[in-house]
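Report on one structure; see the data block that follows.
Chains as they are written, first to last, in the working numbering: chain U, 1 to 261; chain R, 1 to 67; chain X, 1 to 63.
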C-alpha cells in the first residue's frame with residue numbers, strides 16, 4: 001500500500017478518531033467499569049424492568065405501556081418470526097425478541113442525551129452477538145437434519161456437474177462458517193462506529209468553529225444544525241440495523257431448518 | 001493526516017456499482033409496481049444484475065487491499 | 001416471499017461474492033508469492049467472481 005501524509009498545521013482542529021472510543025473507566029481504574037460495559041448492563045436492567053412492568057397488569061383493554069410493549073413484541077413475532085421462519089417460529093421468538101430489543105436499546109443509547117454512546121461501536125459486542133447467532137443456527141440445523149446431512153446440504157449444491165464442486169464447495173463452506181458471522185457483526189459495528197464518528201465530527205467541529213475567527217463563528221450554526229439532522233438520520237440507521245441483525249439471524253435459522261436450501 | 005491512496009481509489013471505484021445497483025432496483029421496483037404478477041420473472045433478473053454490479057464493487061475492495 | 005426476504009437474498013449474494021473473491025483470490029495471491037509470478041492473483045479473482053456468479057445463478061436465478 002502506498003502511504004501519503006500531510007503535516008499537521010500545529011495547533012489546528014484535532015479531528016475525532018478511534019481514540020475517542022476508548023473511554024476511561026468510570027470508577028477508579030477498574031477495567032470492568034468502562035462506559036460501554038455500564039451501558040450494556042444498564043440496558044439489560046432497563047429492558048427487563050420495562051417489559052416486566054408492561055406485561056404485569058396485562059388487560060384486554062391495554063394501557064399505554066402494555067400497548068407499547070406488545071407492539072414491539074408483535075413486530076418481532078409476526079414481522080420477523082412468522083414471516084421468515086414459518087410454522088416452527090414460536091420456538092425462536094424469545095431469542096429473536098431478546099436480540100432485537102438488546103441491540104435496539106444499545107444502539108439508541110447513541111443519541112440519548114447524557115448516555116450518548118452506542119456500545120455496539122466496540123467490535124467485541126457485535127462479535128459475541130454474531131457468535132451466539134452462529135451457534136444457534138448451526139445447532140438448529142444439525143439437530144433437525146443430523147450432522148452429515150446438514151453439512152452435505154451446505155457444501156454440495158444439487159443439480160451441478162461433479163467437477164464444478166471443486167470451485168463451489170470452498171465458497172459455500174467459507175460463506176456459511178466465516179463470511180456470514182463476520183458480515184453480521186461487522187455490519188452492525190461499522191454502522192454504529194461510523195454514525196458515532198459522524199456526529200462527533202459535526203458537533204466537535206462546530207464547537208471548534210465557535211472558538212475561531214468571526215467568519216467561522218457564522219458557519220458554526222450550520223454545522224450544529226447538520227449535526228442535529230444527522231442525529232435523526234442516526235436514529236433511523238440504529239433502528240434499521242437492529243432490525244437487519246434480527247432479520248438475518250431469522251433467515252439463517254430458516255435456512256438451517258429447510259431441508260433443501 | 002495519514003492514509004493510503006488505495007482507499008481513495010476504492011471510494012472512486014465504488015461510485016459506479018452504487019449507481020448501477022440503484023438503477024437495477026429502481027427498474028425492478030417500478031416493474032413490480034406496474035405489474036405485481038411479473039415479480040417471479042423479474043426477481044432472478046434483478047438479483048443477477050445486482051450480483052454482477054456487486055462483483056465489480058468487491059473487485060475494487062479486494063484490489064484496494066492487495067495492490 | 002415478502003420484501004424482507006429480498007433483503008436477505010441480497011445479503012447472501014453479497015456473502016457469496018465476497019467469499020468467492022477472498023477464497024480464490026487468496027489462493028491466487030498465495031501462488032503468486034510462492035512461484036514468484038504475477039498473473040495468478042488476477043486469474044484467481046476472475047475465477048472466484050465467476051464461480052460466485054454461477055452459484056448466485058444456481059440459487060436465485062434458476063426457476
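Quick reminder that beta carbons are idealized off the backbone N, C-alpha and C, glycines included. Predicted model only: the values in this text are computed from it and were never measured.
- Message: Does the stretch 83-99 of chain U come into contact with the stretch 209-218 of chain U, if we say contact requires no fewer than three beta-carbon pairs (one atom in each stretch) closer than 8 Å?
- Response: no
- Buried or exposed for residue 106 of chain U, please, with buried defined as at least 16 other CB atoms from any protein chain shown within 10 angstroms of its CB. buried
- Query: At which residues does the alpha helix (DSSP H) containing residue 246 of chain U begin and terminate?
  - Reply: 214-257
- Task: Taking a Cβ distance cut-off of 7 Å, strictly less, list which residues of the stretch 11-39 of chain R are near chain X, in chain order.
- Result: none
- Between residue 77 of chain U and chain X, is there a C-beta pair that is closer than 8 Å? no
- Item | Among U/21, U/245 and U/254, nearest to residue 117 of chain U - alpha-carbon criterion | U/21
- Buried versus exposed, by CB contacts within 10 Å (16 or more), residue 80 of chain U: buried
- Item | Limits of the beta strand (DSSP E) - the one that residue 4 of chain R falls within | 2-4
- Assumed close pair residue 120 of chain U, residue 189 of chain U - CB separation to whole angstroms, cut-off 8 Å: 6 Å
- Within its chain, find whatever has a CB closer than 7 Å to the CB of residue 217 of chain U; leave out the 5 residues flanking it on each side and keep chain order. 209 and 210
- Message: My assumption, with CB atoms under 8 Å, is that residue 24 of chain X sits in contact with residue 48 of chain X. Please give the rounded CB distance.
- Response: 3 Å
- Query: How would you call residue 1 of chain U, buried or exposed, if buried means at least 16 neighbouring beta carbons within 10 angstroms?
  - Reply: Any reading at residue 1 of chain U is ruled out, since the residue's pLDDT is 43, under 50, leaving its predicted position unreliable.
- Task: Mind checking the stretch 23-44 of chain X against chain R and listing, in chain order, the residues whose C-beta falls within less than 7 Å of any C-beta there?
- Result: 25, 29 and 41
- Under 8 Å by Cβ, that's how I've got residue 257 of chain U and residue 85 of chain U pegged, so tell me the actual separation to the nearest angstrom. 7 Å
- Query: For residue 205 of chain U, is the classification buried or exposed, using 16 other Cβ atoms within 10 angstroms of its Cβ as the cut-off for buried?
  - Reply: buried
- Message: Which residues in chain U have a C-beta closer than 7 Å to the C-beta of residue 20 of chain X? List them in chain order.
- Response: 171
- Determine the chain R residues that contact residue 61 of chain X at a beta-carbon separation under 7 Å, and present them in chain order. 44, 47 and 48
- Message: Considering only their Cβ atoms, is the gap separating residue 253 of chain U from residue 92 of chain U smaller than 8 Å?
- Response: yes
- Rounded separation between residue 103 of chain U and residue 21 of chain R - CA only: 28 Å
- Query: Looking at the C-beta of residue 11 of chain X, does it have a partner C-beta in chain U at a distance below 8 Å?
  - Reply: yes
- Message: The alpha helix (DSSP H) that contains residue 78 of chain R, what's its start and end?
- Response: No information on residue 78 of chain R is available, as it lies outside the stretch 1 to 67 that chain R covers here.
- Name the chain X residues that come within less than 9 Å of residue 190 of chain U, Cβ to Cβ? Correct list: empty, because the minimum Cβ distance to chain X is about 14 Å.
- Near-chain X residues of the stretch 147-169 of chain U - C-beta to any C-beta below 8 Å: 157, 159, 160, 164, 167 and 168
- chain X within 8 Å of residue 201 of chain U, Cβ atoms only: no
- Message: Quick check on the DSSP output: what are the complete alpha helix (DSSP H) runs of length 4 or more inside the stretch 87-161 of chain U, in order along the chain?
- Response: 93-108, 124-145 and 147-155
- Alpha carbon to alpha carbon, how far is residue 7 of chain U from residue 126 of chain U? Because residue 7 of chain U carries a pLDDT of 46, less than 50, the predicted location of this residue cannot be relied on, and no value is offered for it.
- Query: Does the pairing of the stretch 234-242 of chain U with the stretch 54-63 of chain R give three or more beta-carbon distances under 8 Å?
  - Reply: no
- Query: Name the chain C residues that come within less than 8 Å of residue 6 of chain X, Cβ to Cβ?
  - Reply: No chain C is present in this structure, whose protein chains are U, R and X.
- Query: Which of the three DSSP states, helix, strand or coil, is assigned to residue 21 of chain R?
  - Reply: helix
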